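These protein sequence lines are chains B and H, in that order. So the first sequence is residues -2 to 194, counted in the numbering used here. So the second sequence is residues 34 to 234, counted in the numbering used here. Where a beta carbon is used, it is the ideal one built from N, C-alpha and C, also for glycine. Only a predicted model underlies this, so the values are computations on that prediction, with no experimental measurement involved. The next block holds one structure in the form of structure tokens; read it before the comments.
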Amino acid sequence: MNEMIKMVVVLTILSSFSGGLLATVRNGTKDKIENQQLQFVKGPAIENILQGASNDPVADRFKIKDGDVERNFFVGIIDGKTNIVAFESEGKGFSGDIGLMIGINLDTDKIVGVNVTTHSETPGVGSKAKSDPKFVSQFTNLNLINEFKVKPDGGQVDAISGATVTSRGVSMGLTQAGIIYKKLKPQIAEQLKSFKK
Amino acid sequence: MAKSIVQEFTKGLWEEIPPFRLVLGLCPVLAVTKTVENGIGMGMATTFVLVCSNILVSLLRNIIPNKVRIACFIIIIATFVTVVELLMQAYAYPLFLKLGIFIPLIVVNCIVLGRSEAFAFKNPILPSLADGLGIGIGFTLALGSLGAVRELIGNGTLTIWETTIPVLGSWYQPFTFMVEAPGAFVGLGLMLCLMNLVGSK
């Protein structure tokens, strides 16, 4: 009996100690990790979408609360205008979430560009969503407030051959992005106004 | 246990160098040694986990009940692996991207668990530290050298700290087989063979 109690006590203490240590490390590295991700993964995608921006969109980002989550929005000043904003969304892929960076023109509600940022799709098949620019370029100039579906599901999106699930995930992410955008548009516009000053 | 601390340390470098002599922990050995940099990065992460978990297991060896020792080891190892993962994301993000899933998989690397079970649980702190460090550095060396061989033959270059050095000039036609998965097996096999040849004399 004594041994039983000892086992429980030791395991409990060890687990709580480990939990505490992990929480501390996580808190200490959180900002740094976010910066690194912005620099190495999202940075290139943002640059790609907001081509020709005269400012640094990563440094000029702002956050808007959407329910429980805070979302990052990246502003690009292009030709002196601030009507293009990039933000993130995600969809369920073949294995795990597919992260998307979507650029949108606030005046026309049209997509400026889409980039896949983080994913864990099958290399050479689903990974084409990121590596093949032809796939994401088909979304350019479409209206974001729309439901996106792949052709086999009766939609308008050309799926990558052999990777319907991945294509479906990207479409889902875009549909999701449309919902977010519709909900937060007034707040985004508000933030952009203060930006012009 | 008549071995000195120095001996505990050096045994990991040759006598018991993990992937070649013990033939343990082969999953990362085969998967990440496409370049020298990946191999060394992986080795360093594993070394950190090995040293920390060995020290902690050795410290707690009189407290941990025998029946739940494996569970305790795994908690300790998993904690340090997560710490490494977070630190790598914060300070060496490009390397983290390349190693990807193999960092969290250090938890199930049998070298780490094996050292806790076979050594740290039965020995005081100092020898455990020396053992962890020795085995870790041995592992790093093994991964680094296998990575160097594979990268040199497969690509004609050596990558260290994000700079790719073209060792063999443009005349060299890369034998890309070596940087693919089957090349890892062949490379490891040849190195094992070489180690045995040298060792048997």
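Review point. Given a threshold of 16 other Cβ atoms within 10 Å of its Cβ, counted over all protein chains shown, does B:Glu67 qualify as buried or as exposed?
Key: exposed
Practice item. Quick one: residues in its chain with C-beta nearer than 8 Å to the C-beta of H:Arg181, no 5 flanking neighbours on either side, listed in chain order? Key: In the sequence under discussion, the amino acid at residue 181 of chain H is Ala, which differs from the Arg named in the question. Correct list, in chain order: Val69, Gly72 and Leu191.
**Study point:** is_contact[B:Leu8, chain H] using C-beta, thresh 9 Å
**Key:** At least one C-beta of chain H is nearer than 9 Å to the C-beta of B:Leu8.
Check your understanding: When Cβ atoms are compared, which residues of the segment 8 to 33 of chain B fall closer than 7 Å to chain H?
Key -> Leu8, Leu11, Ser12, Ser15, Leu18, Leu19, Val22, Arg23, Thr26, Lys29, Ile30 and Gln33
Point to revise | Straight-line Cα distance separating H:Val231 from H:Ala153 | key: 30 Å
Review point. Which whole-angstrom value is the C-beta distance of B:Leu189 and B:Thr79, which I expect to be below 8 Å?
Key: The Cβ separation is near 5 Å, so the contact holds.
Check your understanding: Helix, strand or coil for H:Phe42 per DSSP?
Key -> Taken through DSSP and simplified to helix, strand or coil, H:Phe42 comes out as helix.
Point to revise | Test: H:Ile109 CB closer than 9 Å to a CB of chain B | key: yes
Practice item. From the DSSP output, in three-state form, read off B:Val82 for me. Key: strand
**Study point:** 3 or more residues per run - each beta strand (DSSP E) lying fully within the segment 138 to 187 of chain H
**Key:** Runs of the beta strand (DSSP E) inside the segment 138 to 187 of chain H: none found.
Check your understanding: From B:Ser117, B:Val113, B:Asn140 and B:Ile74, pick the residue whose C-alpha is nearest to that of B:Thr105; which is it?
Key -> B:Asn140
Exercise for review: Please classify H:Ile15: does DSSP put it in a helix, a strand, or coil?
Suggested key: Coverage of chain H is limited to positions 34 through 234, which leaves residue 15 of chain H absent and any answer about it impossible.
Practice item. List the whole-angstrom C-beta distance separating B:Ser92 from B:Ser117, where the pair is believed to meet the contact cut-off of C-beta under 8 Å. Key: 5 Å
Practice item. May I ask which residues mark the beginning and end of the beta strand (DSSP E) holding H:Ile193? Key: Leu191 to Ile193
Review point. Contact check, H:Gly187 vs H:Met211 under 8 Å by CB: the rounded distance?
Key: 3 Å
Exercise for review: Decide if the segment 110 to 130 of chain H is in contact with the segment 21 to 28 of chain B; the criterion is three or more beta carbon pairs, one per stretch, under 8 Å apart.
Suggested key: yes
Exercise for review: List in chain order: all unbroken beta strand (DSSP E) runs of 3+ residues lying wholly within the segment 61 to 136 of chain B.
Suggested key: 66 to 75, 78 to 89, 94 to 102 and 107 to 113
Review point. Mind checking if B:Gln36 is an interface residue toward chain H, Cβ cutoff 9 Å exclusive?
Key: yes
**Study point:** Beta-carbon contacts of B:Gly175 that lie in its chain and below 7 Å, excluding the five residues immediately before and after
**Key:** Leu141, Ile142 and Asn143
Check your understanding: Could you give the residue range of the beta strand (DSSP E) that holds H:Thr196?
Key -> Thr196 to Ile198
Exercise for review: Examine chain B for any beta-carbon lying closer than 9 Å to the beta-carbon of H:Leu63, and answer yes or no.
Suggested key: no
Practice item. Give the DSSP bridge partners of B:Phe59, in chain order. Key: B:Phe70
Check your understanding: CB B:Glu87 to CB B:Gly100, shorter than 9 Å?
Key -> no
Point to revise | Beta-bridge pairing of B:Val147 - partner residues as DSSP gives them | key: B:Val154
Exercise for review: Kindly list, in the order they appear in chain H, the residues whose Cβ is closer than 7 Å to that of B:Met4.
Suggested key: What B:Met4 touches in chain H: Pro98, Lys100 and Val101.
Review point. Between which two residues does the alpha helix (DSSP H) containing H:Arg94 stretch?
Key: Note, H:Arg94: premise wrong, no alpha helix (DSSP H); not H, not E.
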